[in-house]
Amino acid sequence: MRLSLGELEVFLTAEGLEEAPGGVRLWGREVRVFPPFPAKGFFRHGWQSWSLAAWVDPAQAPTPLLPEARRPQADDPFLLEAGAWWGSGVGALKGPDGKVLLLGALDLGARVLGREDLLLGRYAERGGAWFLAYGPEEEVFAAYARLLPKRLSGRPPRVWCSWYSFYTGISEDLLLRVLDEVAAFSFEVFQIDDGWQRALGDWEPNDRFPRGMAFLAERIRERGLRAGLWFAPFLVPADSPLFQKRPDWVLRDEEGRPVRAGFNWGRPLYALDAGNEEVVEWAADLVRKALAWGYDYLKLDFLYAAALPGAEGEARYRKAMARLREAAGEAYLLFCGAPVLASLGFADGLRVGPDVAPYWDNEERSFWLADPTGPGLRNALRSTLHRLWLMENVHVDPDVVYFRTRFNLLSPEEMRLQEALAHFTGFKATSDPPSWLLPEEKGRLEAFLAREVPVRRLGPYRFRVGEEEVDYAPLL
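Numbering (the numbering used here), first residue to last: -3 to 472.
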């Protein structure tokens, strides 16, 4: 059928349509939209937090991500194996005048293919609704976002997180020392990351935390801060006691083999079955246990594992997240490594890019392995910039800002890029221990936490932060 979207006339195939605010609503398991122009770019939206979100050239085929064992941890595996530019849930084509033709799913389990002459949306298992719009990029993405679930309560928090300084090398004594330093700054949350637990799947404190996690939470609250804790509830290695004791809890493929969930910590990872009622109740009990210990800010990581093998698992994932949200009550939930669109409405905060790192890029990984999901400031900035349209739905987490020069290869200019983006999203976090900072770096940290700097978006990649103009386009 032929359809006019303002000044643009397109041909499309769909089972039905009706007008919607800012565009039209379509129905069908598969819809096809044919633009009257050869597209100059395709907005490719990755499946989960770390997956690539960026404008790409639809005339140039994607390079396969290597090694294959990492693909479940990097994106919906289908998207990486299709040999074409497929995205998760939403896609858009850019015309010669810079305006954008957007097709976005309004239900779970959708993928979108972009070619120079086609936008194709397809649900993995059953039909659903779509949103189609044409116009300036910021306007059509905003119109789409207004149709998606949201959960916004107040401004985002000011967080100190242990990960990007100490990684898994944390202990009770170390964190108590850092807590004394952090308490002198305008932080609101002291979040303990990976390294406190006995093992993945064994969520009790290890020997480096002899007085337990409730003791630490009490010390954090005594300093006037909210206590935060990290979990990866749906991820297990094969040598995990949980994997050994409850093999029936492990997600399996049609042939009964455990489903790979990636490779990290030097070993293969597997997914727990979020469609198993016992698994979901066990995960909800973890949330309740953390609350009983005194933690009311929870970072739930590697959540994509609950939705594998990809779009087909999103309905199962969403049911499980509803249970965790119910168990958490009004506690703050930060989702990380999470299917982006399927997490909306349940997450308070949502990571929208790969991990930052104290360096710009790992070229061996990004170039030779064609992996845009690895840690590095360049990767984190790129995907975060292309997901800022979600800010009316969830607290957008761009990841931590570095202020330190110690153990850091980033230039002052590169660190400023991340700081400016955190000012724009309002989600302000760092992992820098104050004892690692020079006096002027401490001053910048406190100003970052305490001051509200006026920020205005001037274009897709240009911002005015206070009196300074920041342009990301030449770097990305």
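Cβ coordinates follow ideal geometry from the N, Cα and C atoms, glycine included.
With 8 Å as the threshold, decide whether the Cβ of residue i is near any Cβ in chain D.
i: residue 35; result: Although the question refers to chain D, the structure presented lacks it and comprises just one protein chain.
If you draw a straight line from the C-alpha of residue i to the C-alpha of residue j, how long is it?
i: residue 9; j: residue 21; result: 13 Å
i: residue 444; j: residue 423; result: 11 Å
i: residue 420; j: residue 464; result: 13 Å
i: residue 49; j: residue 40; result: 6 Å
i: residue 454; j: residue 318; result: 37 Å
i: residue 284; j: residue 1; result: 49 Å
i: residue 141; j: residue 203; result: 46 Å
i: residue 349; j: residue 377; result: 7 Å
i: residue 15; j: residue 440; result: 49 Å
i: residue 232; j: residue 179; result: 34 Å
i: residue 415; j: residue 341; result: 27 Å
i: residue 312; j: residue 460; result: 42 Å
i: residue 139; j: residue 235; result: 47 Å
i: residue 491; j: residue 289; result: Outside the displayed span of the chain (-3 to 472) sits residue 491, for which this structure offers no information.
i: residue 85; j: residue 56; result: 21 Å
i: residue 334; j: residue 18; result: 28 Å
i: residue 242; j: residue 30; result: 50 Å
i: residue 249; j: residue 446; result: 50 Å
i: residue 247; j: residue 266; result: 8 Å
i: residue 162; j: residue 270; result: 31 Å
i: residue 47; j: residue 13; result: 31 Å
Which of helix, strand or coil does DSSP assign to residue i?
i: residue 419; result: helix
i: residue 439; result: helix
i: residue 73; result: helix
i: residue 208; result: helix
i: residue 402; result: coil
i: residue 18; result: coil
i: residue 328; result: strand
i: residue 230; result: coil
i: residue 270; result: coil
i: residue 244; result: helix
i: residue 223; result: strand
i: residue 298; result: coil
i: residue 147; result: coil
Buried or exposed: residue i, going by 16 or more other Cβ atoms within 10 Å of its Cβ?
i: residue 410; result: buried
i: residue 205; result: buried
i: residue 364; result: exposed
i: residue 164; result: exposed
i: residue 367; result: buried
i: residue 69; result: buried
i: residue 240; result: exposed
i: residue 372; result: buried
i: residue 209; result: buried
i: residue 215; result: buried
i: residue 256; result: buried
i: residue 374; result: buried
i: residue 261; result: exposed
i: residue 154; result: buried
i: residue 430; result: buried
From what residue to what residue does the alpha helix (DSSP H) around residue i run?
i: residue 379; result: 373 to 381
i: residue 140; result: 133 to 141
i: residue 338; result: 336 to 339
Under DSSP, the beta strand (DSSP E) around residue i begins and ends at which residues?
i: residue 348; result: Looking at the DSSP string, residue 348 is not in any beta strand (DSSP E), and its letter there is neither H nor E.
i: residue 264; result: 263 to 267
i: residue 177; result: Where residue 177 is concerned, there is no enclosing beta strand (DSSP E), although the alpha helix (DSSP H) it sits in stretches over 168 to 178.
i: residue 397; result: Segment: none, residue 397 is in no beta strand (DSSP E) and carries neither H nor E.
i: residue 160; result: It is not in any beta strand (DSSP E) - residue 160 instead sits in the alpha helix (DSSP H) that spans 159 to 162.
i: residue 466; result: 464 to 467
i: residue 198; result: 198 to 201
i: residue 101; result: 96 to 101
i: residue 7; result: 4 to 9
i: residue 116; result: 114 to 119
i: residue 260; result: 256 to 260
For residue i, I'd like the list of residues in its chain whose CB is within less than 6 Å of its CB, leaving aside the five on either flank, ordered along the chain.
i: residue 148; result: none
i: residue 119; result: 25, 105 and 106
i: residue 229; result: 279 and 282
i: residue 428; result: 399 and 400
i: residue 330; result: 295 and 345
i: residue 347; result: 45, 332 and 393
Give every residue of the same chain whose Cβ lies closer than 8 Å to the Cβ of residue i, excluding the five residues on either side of it in the sequence, and list them in chain order.
i: residue 32; result: 4, 5 and 6
i: residue 77; result: 60 and 67
i: residue 280; result: 319, 320, 322 and 323
i: residue 457; result: 381, 467, 468, 469 and 472
Please return the same chain residues whose Cβ sits closer than 7 Å to the Cβ of residue i, not counting the five positions on each side in sequence.
i: residue 450; result: 462
i: residue 306; result: 43, 72, 73 and 74
i: residue 115; result: 29, 87, 89, 97, 99 and 108
i: residue 475; result: The question about residue 475 has no answer here: the residues shown for the chain are numbered -3 through 472.
i: residue 186; result: 156, 175, 178, 216, 221, 223 and 224
i: residue 442; result: 181 and 182
i: residue 339; result: 317, 331 and 346
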